[in-house]
Amino acid sequence: MFPQRRSRVTPQADREWTLASVDRTIQLIRIGEQQGSSCSSALADDPWENDVQPGYGPGASQRDHLPTGSPVQGVIPREYRQASAAELDLRIRAARHSLGEKVVLLGHFYQRDETIQYADFVGDSFQLAQAAKTRPKAEAIVFCGVHFMAETADMLSRDDQAVILPNLAAGCSMADMADLDSVQDCWDELAALYGTEPDADGRVPVIPVTYMNSSAALKAFCGEHGGIVCTSSNATRVLDWAFARGQRVLFFPDQHLGRNTAFAMGIPLEQMPVWQPEQHLGGNSEALMGDARVILWHGFCSVHKRFTVEQIKHARHRHPGVRVIVHPECPIEVVQAADEYGSTDYIKKAIEAAAPGGVFAIGTEINMVQRLASEHPEHTIVCLDSIICPCSTMYRIHPSYLAWVLEALERGEIVNRITVPESVAVPARIALERMLSLSPVAAPTGQAQ
Ligand code: SF4
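For the sequence shown, UniProt numbering gives the first residue as 1, with consecutive numbering after it.
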């Protein structure tokens, strides 16, 4: 489930061969830019050039709005910024060796290969938070992912373990699209509209459901209001849980995961209004809201929004017999045009289980797709989007930051610690535990309809 990395013992030559870095194909961004792609060639710049700029930085989220007050990464010392890849490699390996079991490195599937090669575990956000528990001697958990993932790891780890995010600017544009104040305002409006009393079957008017890709504050909101957390692997089971307890669901922040999941459960699109914050009834009529089963927050992932039906048609034309698998954060028309859809774990397992000679077109983040292609030379694996455009914020975890946090740990210093206050963590854990109580974890959503 959590592949153990060979990083500390893999010879340099092997690692060179297995690295499938988008850095090596970054020129595709320049082609894309000429073709009007939303991804900027500034991605090829060093991340500290972007840390001082407002916004998420180049990559898929570069046009998304960064909320005021988002964490900012200070400039790291010159010795790390100017170090060559070979020097960083030596320093990271030396620090890891001297820290031994005192540190565990977690790498998300979407992380760049230059960084993920050092990870002890590679997986999705929840798998990684759980994986850290298997290293009880670890005093530090270095999370090569984004901010909400580090928060979750902090809430699920011991108090004496420090969770470190190597670059504080690595947020998540989707998670940032739902803030606590806006969700509270929505909740108050829904209470005024639907009331707060249960119906004859004991079901409350609304159950809040938050995707794992959300702040700890929103997980806490769900814990306090009878709600629950979901992942892209168990969203169907979570919605079943919610509908057993509520007449309707408020799903945030990703409208696409909510829509794709509910549609597969037979809920018509007309009963899934999108809630736009700061508009009366989220911009919907009272009649529409009266009929709503799933109220979808307006959020989205700019990585998965890039995939289109046209790309699927192109893949089918170019690779007859291709198996198209997309992530449920993609728009519904893309999910419906694909052969299958499912979480990152589903995509990975589908490729692993296929007979040699498979041809896959995958609709998820480019670092994961390129890594799968590199790890499975027995298959032909391509990204649906031919333009290299990674997740802007994952991409901020350059090996220089990793070397910086690890060498600080060697000196006994903890930098970039992510801490969730207990007042937030306690109710957030309630929402997480409700999810964990749903066993077994449901299979990913599977065939498109
Ligand atoms: S891929 Fe999308 S959801 Fe995942 S961290 Fe990046 S912006 Fe957030």
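All C-beta atoms in this analysis are idealised placements derived from N, C-alpha and C, irrespective of residue type, glycine included.
{"Asked": "Secondary structure of A255, DSSP reduced to three states", "Found": "With the sequence shown as reference, residue 255 is identified as Gln, and Ala is not the correct amino acid for it. Q255 falls in the helix class under three-state DSSP."}
{"Asked": "Assigned exposure category for A315 - 16 Cβ within 10 Å defines buried", "Found": "buried"}
{"Asked": "First through last residue of the beta strand (DSSP E) which encompasses C383", "Found": "T380 to C383"}
{"Asked": "Stretch-stretch touch, CB-based, cutoff 8 Å, three pairs: the stretch 254-269 with the stretch 292-301", "Found": "yes"}
{"Asked": "L372 versus K348: straight-line alpha-carbon distance, rounded", "Found": "7 Å"}
{"Asked": "Cα-Cα separation between K102 and R245, rounded to whole angstroms", "Found": "43 Å"}
{"Asked": "Any non-hydrogen atom of the ligand SF4 within 7 Å of C391 CB", "Found": "yes"}
{"Asked": "Inter-residue spacing [alpha-carbon to alpha-carbon] between E286 and L88", "Found": "58 Å"}
{"Asked": "P399 - containing alpha helix (DSSP H), residue span", "Found": "P399 to E410"}
{"Asked": "The alpha helix (DSSP H) enclosing L90, as first and last residue numbers", "Found": "A85 to L99"}
{"Asked": "heavy atom of the ligand SF4 below 7 Å from Y346 C-beta", "Found": "no"}
{"Asked": "Secondary structure of H147, DSSP reduced to three states", "Found": "helix"}
{"Asked": "Chain D contact for P356 (CB, 8 Å cutoff)", "Found": "No chain D is present in this structure, which holds just one protein chain."}
{"Asked": "Burial state of E433 (16 or more Cβ within 10 Å)", "Found": "exposed"}
{"Asked": "Close Cβ partners of Q53 (< 8 Å) along its chain, the five nearest in sequence each way excluded", "Found": "none"}
{"Asked": "Sheet register partners of L250 (DSSP bridge)", "Found": "P208 and I295"}
{"Asked": "Contact between the stretch 166-185 and the stretch 53-68 (3+ Cβ pairs under 8 Å)", "Found": "yes"}
{"Asked": "Residues bridged to I332 [DSSP beta-bridge criterion]", "Found": "None; I332 has no bridge partner."}
{"Asked": "Sheet register partners of W241 (DSSP bridge)", "Found": "Answer by DSSP bridge pairing: none, since W241 is not bridged."}
{"Asked": "Check whether V376 and I351 have beta carbons under 8 Å apart", "Found": "In the sequence as displayed, the identity of residue 376 is His instead of Val. Yes, the pair counts as a contact, with Cβ atoms nearer than the cut-off."}
{"Asked": "Distance, S233 Cα to Y118 Cα", "Found": "26 Å"}
{"Asked": "Proximal residues to P208 (C-beta, below 6 Å), its chain only, five neighbours per side dropped", "Found": "C222, H225, G227 and L250"}
{"Asked": "Three CB pairs or more closer than 8 Å across the stretch 414-431 and the stretch 123-133", "Found": "no"}
{"Asked": "Proximity to R78 [Cα-Cα], best of H147, A94 and D46", "Found": "D46"}
{"Asked": "Contact test: C383 Cβ vs the ligand SF4 heavy atom, cutoff 7 Å", "Found": "no"}
{"Asked": "Cβ-heavy atom distance, N213 to the ligand SF4, below 7 Å", "Found": "yes"}
{"Asked": "Three-state class that DSSP yields for C391 in the structure shown", "Found": "coil"}
{"Asked": "Outcome for S215 when other beta-carbon atoms lying within 10 angstroms are tallied against a minimum of 16", "Found": "buried"}
{"Asked": "With 16 other Cβ atoms within 10 Å as the buried cut-off, status of Q12", "Found": "Unreliable positioning characterises Q12 in this predicted model, as indicated by a pLDDT of 30, which lies under 50. The coordinate reading is nonetheless provided below. Exposed, since its Cβ has fewer than 16 Cβ neighbours within 10 Å."}
{"Asked": "Cβ-heavy atom distance, M435 to the ligand ZN, below 7 Å", "Found": "You won't find the ligand ZN in this model; what it holds is the ligand SF4."}
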